[in-house]
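Going by our numbering, the first residue of the sequence shown is number 962, and it counts up by one from there.
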Amino acid sequence: MPKIADQLTDRKVAALREPGRYAVGGVPGLHLRITPSRAKSWILRVKVGNLRRDIGLGSYPFVTLARARDEAFEMRKRIRDGVDPLAQKREIRQAIQAQQAGDKTFQECATAYIEAKAPEWKNPKHRQQWENTLKQYAYPVMGKLAVADIDLSHILAVLEPIWTTKTETASRLRGRLENVLDWAIVRKYRVRENPARWKGHLDTILPAKGKVQKVEHHTAMPIDAMKSFWRNLTAREGMSARALQFVILTAARSGEVRGARWDEIDLNAKVWTVPGDRMKAGREHRVPLSAEAIKLLKALPRLGDSPFVFPAPRAGQLSDMSLTAVMRRMGQEAVPHGFRSTFRDWVGERTNYPRELAEQALAHTLTNKVEAAYRRGDALEKRLKMMDAWAQFLTTPATSGDIIELRRVG
């Protein structure tokens, strides 16, 4: 029979200060342990099979003397019944962890991954790019889903709509999905394979990034027709007409202009910074603003709390068709995107600016090594001079030799 110690009282437990282990009494093997820092906790020393074990029952005073005795008594009873209390506690803890893992959403995992990896990212904008692409494309589809349940169908629902139209963005996004899901696997939040893996998996379903056909041909306006068109466009009212003017002045894509926000524009620095998640190539693009572009922006009304430079009449941004509709009402069959081709033709045929500078202004993906080397700096000052010259060409009255008739549709 184990020796039963003299029973400690609540008053004695509270009064004890010396570090050490004190037999509590009342239940064999129950002790009060006091550390050098005077923290107190309950320990039950028992023999399970051939092993002697110390089982923690909690700290004092959170666990009272009476409760410690009750739990120690129940623990000894379970041991007599053949239960290993430590193994049982471990199983309960693992079950709780499994339940918590099953409840972990993709968005929670993505947020935790970004927090963990952000310190190693040298460019502070890298974090913002991660958050923006996930928020725009991934979270609406699977942000609230348990990360353990995400499968191929969810990955394709995110990637397929943009794989052939925004291939660079989609490819970066796929890599980010894969990283988050790998993190979740390592953290035991999911046990299934990674459905966002490319090699040997998605590469059998989606076309390779480098083989996606990106070339599109858009009806463009002849260079010599631009002056007359610009004059007529300037006379038209409405936000869509102003947005179309900005498209022409900046040689930007229609979608980039329609989504432009005031916080992207620095009027003093004469620059518009388009974030990578809104660019076709997935890279941030700085657009120099000519004096004419600055003049246009300063004349725009600020409508309520809208963040958009060119807001739609009923909030939000202008639709894709709104700019095309302006041209149709003016009797033109050219399309807004075609002005980029007109700008490039103007640079090549009417100026001495290098072709590479025009390609950079258009934010085109450069494959030639010389052009790619040119890309290493964004040549903002040189591009500003070029865009000022373009604006001057548009706004300078045409001479008789410059005028050509604009053919109307219909």
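Virtual Cβ for every residue (Gly too), placed ideally from N, Cα, C.
Buried or exposed, going by whether 16 or more other CB atoms sit within 10 Å of the CB of Gln1278? buried
So, at 6 Å on beta carbons, what are the nonlocal neighbours of Lys1387 in its own chain, with the 5 sequence-adjacent residues on each side left out? As displayed, the chain neither begins before 962 nor continues past 1371, which places residue 1387 out of reach and without an answer.
CB of Ala1033 within 8 Å of CB of Val988, strictly: yes
With a Cβ-Cβ cutoff of 8 Å, do Val1270 and Arg1344 count as a contact? Arg1344 sits away from Val1270, with the two beta carbons spaced by 8 Å or more.
Tell me the residue span of the alpha helix (DSSP H) that contains Lys1086. 1085-1094
Would you be able to state if there are at least three C-beta pairs under 8 Å between the region 1068-1078 and the region 1113-1128? no
If you pair each beta-carbon of the region 1237-1245 with each one of the region 1310-1329, do three or more pairs fall below 8 Å? When Cβ pairs closer than 8 Å are counted between the two stretches, the region 1237-1245 is seen to touch the region 1310-1329, the count reaching three or more.
Identify every run of the alpha helix (DSSP H) within the region 1173-1209, keeping only runs that are complete inside it and at least 4 residues long; order them along the chain. 1187-1195
Beta bridge counterpart(s) of Val1232 as assigned by DSSP: Per DSSP, Asp1227, Pro1249.
Can you find the residues in the same chain that come closer than 8 Å, C-beta to C-beta, to Pro980, ignoring five residues on each side of it along the sequence? Closer than 8 Å at the Cβ level, and outside the excluded window around Pro980, lie Ile995, Thr996, Pro997, Arg999.
According to DSSP, simplified to helix, strand and coil, what is Phe1269? Three-state result, Phe1269: strand.
Report the rounded CA-to-CA distance for Arg1148 versus Gly990, giving the unit in angstroms. 38 Å
Which same chain residues, not among the five before or five after Arg1305, have their C-beta less than 6 Å away from its C-beta? Counting only residues of its own chain and dropping the five nearest sequence neighbours on each side, Arg1305 has a CB closer than 6 Å to the CB of Ala1319.
Where do the ends of the beta strand (DSSP E) carrying Ser1283 lie? Careful: Ser1283 lies outside any beta strand (DSSP E), inside the alpha helix (DSSP H) at 1281-1290.
Output needed for Ala1071: all residues of its chain with C-beta closer than 6 Å, excluding positions within five of it in sequence on either side, in chain order. Result list for Ala1071: Leu1095, Val1141, in chain order.
Looking only at its own chain, which residues have a Cβ that is under 6 Å from the Cβ of Met1200, when we skip the five neighbours before and after it? Phe1271
Just how far apart, CA to CA, sit Met1236 and Trp1159? Reading the sequence as shown, one finds Pro at residue 1236 and not Met. Roughly 26 Å between the two C-alpha positions.
Can you give me the Cβ contacts of Asp971 inside the same chain, cut-off strictly under 6 Å, excluding the 5 residues immediately before and after it? Leu1026
Just reading off the beta strand (DSSP E) that Ser1020 is part of, what are its end residues? That run of the beta strand (DSSP E) goes 1012-1021.
Using 8 Å as the limit for Cβ to Cβ distance, is Ala1131 near chain C? As a matter of chain content, chain C is missing from the structure shown, which is built from one protein chain.
Starting from the Cα of Asn1313, find the closest Cα among Trp1351, Pro1297, Val1152, Phe1300 and give me that residue. When each option's Cα is compared against that of Asn1313, the closest is Trp1351.
When the Cα atoms are used, what is the spatial distance from Leu1355 to Phe1300? 12 Å
Using the C-alpha atoms, what's the distance from Lys1001 back to Pro1130? The sequence given here places Thr at residue 1130; Pro does not occur at that position. Computed Cα separation, rounded: 57 Å.
Considering Cα atoms alone, identify which of Arg1153, Arg1028, Leu1261, Leu1284 is closest to Ser1215. Leu1284
Helix, strand or coil at Ile1364 [DSSP, three-state]: Residue placement at Ile1364 cannot be trusted, given a pLDDT of 43 that sits under 50; what the coordinates show is reported in the next sentence. Here Ile1364 sits in coil by DSSP.
With 16 as the cutoff for other CB atoms within 10 Å, does Lys1038 come out buried or exposed? exposed
What's the C-alpha gap between Lys1105 and Glu1092? 15 Å
Mind checking Gln1206: buried by the 16 CB within 10 Å criterion, or exposed? buried
Could you work out which residue in Leu1341, Leu1210, Val1009 is closest to His1246 when comparing CA atoms only? Leu1341
For Val1370, which of helix, strand or coil comes out of DSSP? Any reading at Val1370 must be qualified, since the residue scores a pLDDT of 37, below 50, and its modelled position is unreliable; the value itself is stated next. DSSP places Val1370 in coil when its eight states are reduced to three.
Collapsed DSSP secondary structure at Arg994 in the structure displayed: strand
Any idea if Phe1067 is buried or exposed, counting beta-carbon neighbours within 10 angstroms, 16 or more meaning buried? buried
Where DSSP assigns a beta bridge to Leu1323, which residues make up the other side? DSSP output for Leu1323 lists no bridge partner at all.
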